[in-house]
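Engineer: Here you go, one structure.
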Amino acid sequence: MPRTSSNPLKTWLSPPVARLSNALVRRAKSLHDLIDWELQVTPRLAAKLYPHAPAAPEYVLRKRLDSLPRDEFGLPTPPQDLWMGYGKTAEVYLNSGKTDIQTMSGILENAGFCFSPGQRVLEWGCAAARMLRWLYPHAQTSELWGVDISARHIAWCADFLSPPFQFVMTTTFPHLPFEDRYFDLIFAGSVMTHISELAEMWLLELKRITRPGGYVYVTIHDTQMLEDMLAGGEDYGSGIRAQVVGLEARAGLRRDGFEMAALRRVSGADQVFYDTAFVKQRWSRWFQVRAFVPRAYGFQAAVLLQRQA
């Protein structure tokens, strides 16, 4: 008669379970590879970042070179792979940032804000500082910051544009490493357009670090842009138009109404649309909406918010 094992662990670890256990161990050994991959492709990871050389076990940041072309302020121009699609030449890339800063400055001035010495300014989602660099005339008398989730962009900025600007790496989790009520102005071009689930949490974080009376300037895909896309308007090679047309056919955004709609979530390159009336009503819970300007940033609308208390 076969003997029965008195060890409950051996009893529990039947051959199928043992094979599963071994598989889990092997899986755990490659956990760092899985995390590395998920950081790049999974849109639902709340604290995602874009690391240096994600497929490599090591990386080296070389000493900076001073041979890069420079703009009218003498600041180096980033390499083309850091341009994020804003133009195919250095001139177009740089001018796009200049134009967006000029538009933002005009909207701010209409609301009563002017750049002046002693201010603290943050570009949230700065990439290679395409917009921030055009605030260089204020850099000697003000504190100018840029943050982004892309390690490559922040490393380049810290190497070539600091000083006079300051940069820090962040993640998609709604937290920024600054004190309460720190900034006079926070601005972001095409950042809220890619945040689907944590948008309101991010707005509260931006409010936390904005001083009372300070401003937050962001751009969004609004109802006007939706109408433009459905009417066959230019999408600047983004491919958004075809997807908007498809979503309208499936969900009837115009027919039934909507508050927000998110595209491309599977790829992680979310494209978020907001109903204009919804933004004005919902966001006014935390800020005063001082301006809403369609087509202020290419086909995106600009929203100017002011913290009251």
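What the sequence shown shows, in this note's numbering, is residues 18 to 326, in sequence order. Here a beta-carbon is modelled for each residue, glycine too, at the ideal position from N, C-alpha and C.
(1) Please confirm whether Leu220 and Gln136 have their CB atoms less than 9 Å apart.
(2) Under DSSP, the beta strand (DSSP E) around Gln208 begins and ends at which residues?
(3) Could you give the C-beta distance for Ile237 and Gln317, rounded to a whole number, given that I count them as a contact under 8 Å?
(4) With a threshold of 7 Å on Cβ separation, who are the neighbours of Ala70 within its own chain once the five nearest residues in sequence on each side are excluded?
(5) Please give the ranges of any alpha helix (DSSP H) in the segment 240 to 306, keeping only runs that are unbroken, at least 4 residues long and fully inside the region.
(6) If we ignore side chains and look at the alpha-carbon of each, how far apart do Asp176 and Lys115 end up?
(7) Find the nearest neighbour of Val306 within the set Tyr314, Ala294, Gly315 and Met209, judged by alpha-carbon distance.
(8) Measure the CB-CB distance between Leu139 and Phe204 and report whether it falls below 9 Å.
(9) Going by DSSP, what residue range makes up the alpha helix (DSSP H) through Ile171?
(10) Closest by CA to Trp303, which one among Gln288, Gly315, Ala319 and Ala326?
(11) So Gly163 and Leu149 are supposed to be a Cβ contact under 8 Å. How far apart are they, rounded?
(12) Skipping 5 residues on each side, what residues in its chain have a beta carbon closer than 6 Å to that of Ile171?
(13) If Ile124 sits next to Val310, beta carbons under 8 Å apart, how far is it from one beta carbon to the other, in whole angstroms?
(14) Under the DSSP definition of a beta bridge, which residues are partnered with Arg87?
(15) So if DSSP puts His238 in a beta bridge, which residue, or which two residues, is it bridged to?
(16) Of the choices Cys131, Arg147 and Ala168, whose alpha-carbon is the least far from that of Ser159?
(17) Taking a contact to mean a Cβ-Cβ separation below 9 Å, would you say Ile226 touches Asp245 in this structure?
(18) Can you list, in chain order, the residues of its chain whose CB lies under 8 Å from that of Thr94, leaving out five sequence neighbours each side?
(19) Return the residue from the list Glu214, Leu264, Pro229 and Leu270 that minimises the CA-CA distance to Gln323.
(20) Nearest by alpha-carbon distance to Ile257: which of Arg281, Tyr199, Ala319 and Val235 is it?
(21) My output table needs one value for Glu160: the three-state DSSP class, helix, strand or coil.
(22) Just mark Tyr314 as buried or exposed, buried being the case when its beta carbon has 16 or more other beta carbons within 10 Å.
(23) Can you have a look at Gly231 and say buried or exposed, based on whether 16 or more other CB atoms are within 10 angstroms of its CB?
(24) Val261 and Met209 - do their beta-carbons sit closer together than 9 Å?
(25) Would you mind working out which of Arg271, Leu215 and Arg147 sits nearest Gly102, comparing C-alpha positions?
(26) By DSSP, does Gln325 sit in helix, in strand, or in coil?
(27) Do Arg87 and the ligand SAM come close, with the Cβ less than 8 Å from some heavy atom?
(28) How long is the line joining the alpha carbons of Lys65 and Ala168, rounded to whole angstroms?
(29) Grouping DSSP H, G and I as helix and E and B as strand, with all else coil, what is Lys27?
(30) Assuming contact is defined by CB atoms lying nearer than 9 Å, are Leu78 and Tyr153 in contact in what I supplied?
(31) From what residue to what residue does the alpha helix (DSSP H) around Glu217 run?
(32) Asp292 and Glu276 - do their beta-carbons sit closer together than 9 Å?
Structural biologist: With the structure as the only source:
(1) What you label residue 220 is simply residue 203 of the sequence shown in a count that begins at 1. What you label residue 136 is simply residue 119 of the sequence shown in a count that begins at 1. Their beta carbons are not under 9 Å apart, which means Leu220 does not touch Gln136 by this criterion.
(2) Position 191 of the sequence shown, counted from the start, is the residue given in the question as residue 208. The amino acid occupying residue 208 in the given sequence is Val; Gln does not appear at that position. Where Val208 is concerned, there is no enclosing beta strand (DSSP E), because DSSP gives it neither an H nor an E.
(3) Your numbering for residue 237 matches position 220 in the sequence shown. Your numbering for residue 317 matches position 300 in the sequence shown. 6 Å between Cβ atoms; contact.
(4) Sequence index remark: in the sequence shown, residue 70 carries index 53 (1-based). Once the five neighbours on either side are set aside, the close Cβ partners of Ala70 are Tyr76.
(5) 240 to 247, 257 to 268, 270 to 273 and 293 to 299
(6) Numbered from its first residue, the sequence shown carries residue 176 at position 159. Numbered from its first residue, the sequence shown carries residue 115 at position 98. So the two alpha carbons sit approximately 22 Å from each other.
(7) As a first step, residue 306 must be located in the sequence shown, where it is residue number 289. Closest option to Val306, Cα to Cα, is Ala294.
(8) To locate residue 139, count along the sequence shown from 1; it is residue 122. To locate residue 204, count along the sequence shown from 1; it is residue 187. Yes; because the gap between Cβ atoms is below 9 Å, this pair is in contact.
(9) Counting from one through the sequence shown, the residue named residue 171 turns up at place 154. Ala168 to Phe177 is the extent of the alpha helix (DSSP H) around Ile171.
(10) The residue labelled residue 303 in the question sits at position 286 within the sequence shown. It is Ala326 whose Cα lies nearest to the Cα of Trp303.
(11) Taking the first residue of the sequence shown as 1, we reach residue 163 at position 146. Taking the first residue of the sequence shown as 1, we reach residue 149 at position 132. Taking C-beta atoms under 8 Å as the contact rule, Gly163 and Leu149 qualify, at a distance of about 5 Å.
(12) Locating residue 171 in the sequence shown gives position 154, where the first residue counts as 1. Cβ neighbours of Ile171 beyond the five flanking positions: Asp165, Phe184 and Met186.
(13) Counting from one through the sequence shown, the residue named residue 124 turns up at place 107. Counting from one through the sequence shown, the residue named residue 310 turns up at place 293. About 6 Å; that satisfies the 8 Å criterion.
(14) For this step, residue 87 is matched to residue 70 along the sequence shown. Its beta-bridge partners are Pro93.
(15) Working through the sequence shown from its first residue, we reach residue 238 at position 221. Partner(s): Phe290.
(16) For the purposes of this step, residue 159 is taken as residue 142 along the sequence shown, with counting starting at 1. Of the listed residues, the one whose Cα sits closest to Ser159 is Cys131.
(17) Here the question's residue 226 lines up with position 209 in the sequence shown. Here the question's residue 245 lines up with position 228 in the sequence shown. Going by C-beta atoms, Ile226 is not nearer than 9 Å to Asp245.
(18) Within the sequence shown, the letter at position 77 stands for residue 94. Excluding residues within five positions, the ones whose Cβ falls inside 8 Å are Leu85, Pro86, Arg87, Asp88, Ala107, Tyr110 and Leu111.
(19) The count along the sequence shown starts at 1 and reaches residue 323 at position 306. Out of Glu214, Leu264, Pro229 and Leu270, Pro229 has the C-alpha closest to the C-alpha of Gln323.
(20) Taking the first residue of the sequence shown as 1, we reach residue 257 at position 240. Taking the Cα of Ile257 as reference, the smallest distance to any Cα among Arg281, Tyr199, Ala319 and Val235 is reached at Arg281.
(21) Locating residue 160 in the sequence shown gives position 143, where the first residue counts as 1. Reduced to three states, the DSSP call for Glu160 is strand.
(22) Against the sequence shown, residue 314 aligns to sequence position 297. So Tyr314 ends up on the buried side.
(23) Position 214 of the sequence shown holds residue 231. Buried.
(24) In the sequence shown, residue 209 corresponds to position 192, counting from 1. In the sequence shown, residue 261 corresponds to position 244, counting from 1. No; because the gap between Cβ atoms is not below 9 Å, this pair is not in contact.
(25) As a position in the sequence shown, residue 102 is number 85, starting the count at 1. That would be Arg147, whose Cα lies nearest to the Cα of Gly102.
(26) Position 308 of the sequence shown, counted from the start, is the residue given in the question as residue 325. Looking at Gln325 - three-state DSSP - the assignment turns out to be coil, as it is neither helix nor strand.
(27) Inclusion of the ligand SAM in the displayed structure is not the case, the ligand content being empty and no account of it being possible.
(28) Walking along the sequence shown from the start, residue 65 turns up at place 48. Walking along the sequence shown from the start, residue 168 turns up at place 151. Computed Cα separation, rounded: 11 Å.
(29) Residue numbering aside, residue 27 sits at position 10 when the sequence shown is read from its first letter. Bear in mind that the predicted position of Lys27 carries a pLDDT of just 49, short of 50, making it too unreliable to give a figure here.
(30) Within the sequence shown, residue 78 is the residue found at index 61, counting from 1. Within the sequence shown, residue 153 is the residue found at index 136, counting from 1. Not closer than 9 Å, so no.
(31) As a working mapping, residue 217 is identified with position 200 in the sequence shown. It spans Ala216 to Ile226 - the alpha helix (DSSP H) in which Glu217 sits, taken as one unbroken run.
(32) In the sequence shown, counting from the first residue as 1, residue 276 sits at position 259. In the sequence shown, counting from the first residue as 1, residue 292 sits at position 275. Yes. Within cutoff.
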